[in-house]
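> Protein sequences, first through last, are from chains S and E.
For the first sequence, the numbering used here assigns the number 466 to the initial residue and increments by one for each residue that follows.
For the second sequence, the numbering used here assigns the number 41 to the initial residue and increments by one for each residue that follows.
Starting off with a structure, shown below.
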Amino acid sequence: MLADPWAIALLVSGAAALLLMALAAVTACRVLAGWRPDEDSARQIALEDQTVLAALLVRYALLLQIFSLVLLLGAATSFAGVLAGAMCAAGALSANSFGLPALGIKLAAVFLYGFWLVLHGLDLRSEHRPLVRPAFTLLLLLLPLVAADTLLAVLYLANLQPDIVTSCCGVLFAPSSAGGFSLFDPLPGLTLPTAFLFLASLILLAALRLRQGASARTLDFVLGLGCPAFFLMALLVITNDISPYIYALPSHRCPFDLFDRATGYIGYPLYLSLFATTFAGASASWIAPLRGRPGLAGPTATYRRRAFTLLLAALPLFLLLCLWHPATYVLRGGQ
Amino acid sequence: MTPHPLGRLLNILDYALSSLRRRLLKNLLVFAVFTLVVFLFASLLLTRGALGDMAGRLLAAAPDITVQQLVAGRQVPIAAGACERLADIPGIGICRGRLWGYYFDGENGANYTVIGLPEAPERWPAGLSGAVQGRLPQPGERGKAVLSTAVRQQLGLEGRRFFSLFRPDLQLLSFEAVGTFTASSDALTADTILLAEADIRHLFALPEDQAIDLLIDVVNPLEIETIAAKIADRLPGVRVVSKGRIAKTYRAVFGWRSGITATTLLLALAAFVILAWDRASGLSGEELREVGILKMLGWQSGDIILLRFCESLLVSLFAFLSGWLLAWVHVAYFQAPLLRPVFLGWSVLRPQFPLLPPVAAADLFLVLAISVAPYLAATAVPAWRAATVPAHSVL
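Structure (C-alpha cells):
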C-alpha cells in the first residue's frame with residue numbers, strides 16, 4: 466500500500482524528519498567534538514550558533530513527528546475502508562506486525578523530542594551552558610529512534626495487503642476464549658480502574674505539593690515513574706473500562722473509535738490532556754536533578770512551576786472526560 | 041520592559057508581511073510554484089473523494105450479495121434453482137436470478153450492457169420508473185426496449201424507434217425503443233439497453249433454467265458477511281461478492297490510482313523543495329544588510345529565525361489556500377479534465393456524471409502534510425544561516 470496518498474504523506478514527513486534529525490546529529494557531533502565553554506574563540510562562537518541550529522532542527526522534527534503521528538492515525542482510519550475485515554484504525558494497525566510498534570515508537574519519539582527541547586531550553590537560560598554535552602549526547606541517541614520510526618512506517622505500509630483479512634476492534638479487544646486472536650483480554654472487576662484512580666490521585670497530590678514549593682525527592686520519584694506508568698495504564702483503562710460507556714455498547718472496546726464523529730470527537734481532548742499530563746509531570750520531575758548545575762536553579766524552578774500548573778489543569782480535565790460517561794450512566798440509572 | 045509574547049509575535053508577523061512585500065518578485069515565484077504543487081495534490085484528492093462518494097451512492101442501491109458460478113476460474117451462467125438450495129439459510133430476504141450480458145457492437149466498437157427486466161413489476165428496482173423518459177416494457181410485452189441517450193447515438197437512431205441486434209446464430213432481432221434513461225441516471229445507465237427477461241433469453245440464447253448470477257438481499261445488514269460465508273459453503277464453485285467488499289475494492293482502486301499519480305507528483309514536490317531551499321539560501325546583499333541592521337537594533341538570532349519561519353508560513357498558507365481553491369474550481373466546475381482519464385480510463389461509451397468533491401478535513405490535512413511540511417523543513421537551515429550572520433560582517 467505504498468502507493469496511497471496517506472502512505473506517501475507519511476513517508477514524506479518521515480523522510481523530512483529523518484533528514485532534519487540527521488542534520489541535527491551532524492551538528493551534535495561537531496558540538497561534542499569541539500565544545501570549550503571557557504574559550505572565547507571564533508570557533509566556540511560558531512559552535513554556539515550551531516547549537517541554535519540543532520535546536521531549530523529538532524523543533525521542526527518534533528512538529529513533523531506530531532504531524533506524522535496524526536497522519537498515521539488518519540492513514541490507518543483510511544486503510545480500514547480498504548482492508549478486508551478492518552472497521553477502524555485498530556484493525557488497520559494490527560493488519561501486520563509493524564503497525565502497532567510504528568504507533569508506539571511515534572508516541573515515544575514525540576515525548577523524547579519534547580524532553581530534549583526542554584533540556585535545551587533550560588541550557589539556553591544559563592550563561593554557563595551546563596547541559597550542552599548531555600543534551601547533544603541524547604540527541605545522538607535519538608537518531609536511531611527516528612531511523613527505526615521511519616523504517617517501521619515503511620515496513621508497515623509495504624506489508625499492508627488489502628486482500629488479507631484482518632480483525633476489527635470487536636475481535637481485537639474481545640476475550641480470546643471467544644475464538645481468534647485478541648490483543649488483550651478484557652480485565653474484569655474494578656482492580657484496574659481502582660489502581661488507575663489511585664495513581665491519578667497520587668500524581669495530583671504530588672504535583673500540588675511540589676507546586677506549593679515542597680522539595681521532597683520521593684514526590685519527584687512518584688511523578689517521574691508514575692506519569693509514564695499512568696500513561697500506559699490510562700490507555701488500558703480507556704480501552705477496557707471507559708470506551709464501552711462512551712459507545713453505549715458493553716461489547717465495544719476500542720481506543721481508536723473515540724476519534725469518530727459519532728463519539729463527538731472526544732478522543733482529541735481526551736488524549737491531548739493525557740499527553741499534557743504525562744509530559745508535564747514526567748519532564749518536570751526528570752529535570753529535578755539538574756537544579757544543582759550552575760545557573761540552572763532559577764530556570765528549573767520556573768519550568769517546574771509551569772509544568773505542575775499545566776498538570777494540575779490537564780489531569781482533572783482528563784479525569785472528567787474519562788469519568789463523564791460512566792458517571793452519567795450510573796446517575797441516570799443505566800440509561 | 042519585556043513585551044508580551046503575543047505582542048512580539050504579532051510584531052514579527054507584521055514585519056514578515058512587509059518583508060514579503062518588499063521582495064515581491066522573489067516570493068511570487070515560490071508562491072506560484074507552491075500553488076501549482078498544492079493544486080495538483082488537492083485536485084487528486086478532491087477527484088478521488090468525488091468518485092468515492094459517487095461509488096458509495098451507486099452502491100447503496102446494489103444488492104447485498106451477488107453469487108456467480110465459476111468454471112475453470114471464469115464466470116458461467118448459474119442454475120436458476122440455486123436459490124432454492126439457499127432458502128433455509130436464516131436472514132436471507134430475497135434471492136433472485138438476474139439476466140444480463142454484454143453486447144459487442146462491431147460497427148463502432150462499443151460494448152452495451154443488456155439487462156433483463158423481470159416480468160413481475162414488484163421485482164423491479166426501486167425508482168426505475170422515475171429514471172425513464174417514455175415508458176418501460178409492460179409485463180408480457182415483447183420486443184420493447186429502453187435505451188440510454190449515448191446508446192441511441194451509437195446505434196444512430198436519431199428520430200427512429202426501431203433497431204436490430206444479432207443473436208449468436210446471427211439471426212437478426214428487431215426491437216422498438218419505447219423509453220430513454222434520464223440524464224440523472226447516466227452514471228448507472230450510460231451503456232445500458234433494458235429488455236424484457238424473455239427477450240434477453242432469446243437474444244443471448246440462454247436456456248430457461250439458467251441465470252447469469254444470483255442477487256440476494258439480506259434482512260439485517262450486520263449479517264451480510266456471515267451469510268455470504270454460508271452461501272460459499274453451500275454452493276460449490278461459486279464466487280460470493282458482498283456489497284461491502286465491492287465498496288472496499290472501489291476505495292482500494294481509487295486510492296491506488298491516486299497514489300500512483302501522487303508518486304509521480306513527488307518529483308514536482310522534490311523540485312519545488314529544492315527551489316524553496318535555493319531561494320531561501322541565496323541571501324542578497326540587501327538581505328544581509330537587513331539582518332545586520334536588525335541585529336544592531338537588538339534582534340536576537342531566535343527573532344530572525346522566527347521572522348523567517350513566519351515568512352515561510354505566510355507564503356505556504358497563501359499558496360495552500362489559492363492552490364486548494366484552484367483545485368476546487370478544476371474539479372467541481374471544470375470536472376477535473378486533467379485527472380478524469382487517470383481515474384476512469386477510456387471507453388467508447390463513457391458515463392457522464394457530475395463530480396461533486398466533498399469537503400473533508402482529512403484531505404486538507406493530507407495536502408498540508410505533503411506540501412507545507414516539507415517546505416517548512418526545507419527553509420529551516422537557510423533561516424538559521426540568515427540568522428547567524430554576524431552584524432559587524434555586513435555593516
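By construction, the Cβ of each residue, glycine as well, lies at the ideal position given by its N, Cα and C atoms.
1) Run down chain S in chain order and give the residues with a C-beta less than 9 Å from the C-beta of E/T428.
2) Kindly say whether E/V70, judged by its beta-carbon, lies nearer than 8 Å to any beta-carbon of chain S.
3) E/I271 and E/V107: beta carbons closer than 8 Å?
4) So what does E/T220 bridge to, in DSSP terms?
5) For S/Y730, count neighbouring Cβ atoms within 10 angstroms of its own Cβ and tell me buried if that reaches 16, exposed if not.
6) Could you tell me whether the Cβ of E/G299 comes closer than 8 Å to any Cβ of chain S?
7) Judging by CA-CA distance, which residue of E/G295, E/G92, E/S324 is the nearest neighbour of E/L395?
8) By the DSSP assignment, the alpha helix (DSSP H) with E/T87 in it spans what residues?
9) Below 9 Å on C-beta distance, what does E/T303 contact in chain S?
10) Rounded to the nearest angstrom, what separates S/G732 and S/C719 at their Cα positions?
11) The alpha helix (DSSP H) that contains E/D343, what's its start and end?
12) Going along the region 692-719 of chain S in order, which residues come within less than 7 Å of chain E, judged by CB to CB distance?
13) Residues bridged to E/V278 by DSSP?
14) Kindly indicate if chain S contains any beta-carbon less than 8 Å away from that of E/L406.
15) Does the contact criterion of 3 or more C-beta pairs under 8 Å hold for the region 63-83 of chain E versus the region 253-262 of chain E?
16) Between E/P414 and chain S, is the shortest Cβ-Cβ distance under 8 Å, so that the two count as touching?
17) What is the residue span of the beta strand (DSSP E) that E/T232 lies within?
18) For chain S, check one thing: does any of its Cβ atoms lie closer than 8 Å to the Cβ of E/G295?
19) Does the beta-carbon distance from E/A150 to E/Q194 come in below 8 Å?
20) Among the residues of its own chain, which have a CB less than 8 Å from the CB of E/L110, if the five just before and after it don't count?
21) Using only the alpha-carbon positions, how far apart do E/I300 and S/L589 sit?
22) Could you round the C-beta distance between E/S225 and E/A171 to whole angstroms and report it? I think they count as a contact, below 8 Å.
23) Are the C-beta atoms of E/A292 and some chain A residue less than 8 Å apart?
24) Determine which residues of the region 244-273 of chain E have a Cβ less than 8 Å from any Cβ of chain S, and write them out in chain order.
25) Could you work out which residue in S/R770, S/L735, S/L527, S/G757 is closest to S/A779 when comparing CA atoms only?
26) According to DSSP, which residues form a beta bridge with E/Q250?
27) Could you give the residue range of the alpha helix (DSSP H) that holds S/W581?
28) Distance cutoff 8 Å, beta carbons only. Does S/L536 sit that close to anything in chain E?
29) I want to see whether chain S comes within less than 8 Å of E/V421, judged by CB atoms only; does it?
30) Less than 7 Å between the CB of E/I345 and some heavy atom of the ligand HEM, yes or no?
31) Could you check which residue in S/L617, S/L688, S/A792, S/A474 has the C-alpha nearest to that of S/I707?
32) Can you name the residues of chain E whose CB is closer than 9 Å to the CB of S/A741?
33) List the residues of chain S whose Cβ lies closer than 7 Å to the Cβ of E/T424, in chain order.
34) Between the region 580-599 of chain S and the region 540-560 of chain S, do at least 3 Cβ pairs fall closer than 8 Å?
35) To the nearest whole angstrom, what separates the beta carbons of S/L527 and S/A612, a pair I think is in contact under 8 Å?
36) Of all Cβ atoms in chain S, is any one closer than 8 Å to the Cβ of E/A90?
According to the structure shown:
1) A511, D514, Q515, V517, L518
2) No, no contact with chain S.
3) yes
4) E/Q173, E/L187
5) exposed
6) yes
7) E/G92
8) 64-100
9) L467, A468, I473
10) Each residue's alpha carbon lies about 11 Å from the other.
11) 341-368
12) Result list empty, no residue passes.
13) E/Q109
14) yes
15) Counting C-beta pairs with one atom in each stretch, the region 63-83 of chain E and the region 253-262 of chain E have fewer than three that are closer than 8 Å, which means they do not touch.
16) For E/P414, the answer is yes, since a Cβ of chain S falls inside 8 Å of its Cβ.
17) Taken as a continuous stretch (DSSP letters only), the beta strand (DSSP E) holding E/T232 covers 232-236.
18) yes
19) yes
20) V116, G277, V278, R279
21) 46 Å
22) 4 Å
23) The chain labelled as chain A is not found among the protein chains of the depicted structure, namely S and E.
24) Only those residues of the region 244-273 of chain E whose C-beta falls short of 8 Å from the nearest C-beta of chain S would be listed, and there are none.
25) S/L735
26) E/A119
27) 564-589
28) Nearest CB-CB separation between S/L536 and chain E: below the 8 Å threshold.
29) yes
30) For the structure depicted, the ligand HEM is absent and the ligand set is empty, with no information on it obtainable.
31) Of the listed residues, the one whose Cα sits closest to S/I707 is S/A792.
32) Simply none; closest approach about 19 Å.
33) Correcting the residue type first, residue 424 of chain E is Trp in the shown sequence and not Thr. Those within 7 Å of E/W424 in chain S are V517, L518, L521.
34) no
35) So it is not a contact: roughly 16 Å between Cβ atoms.
36) Residue contact with chain S for E/A90: absent (no Cβ-Cβ distance below 8 Å to any residue of chain S).
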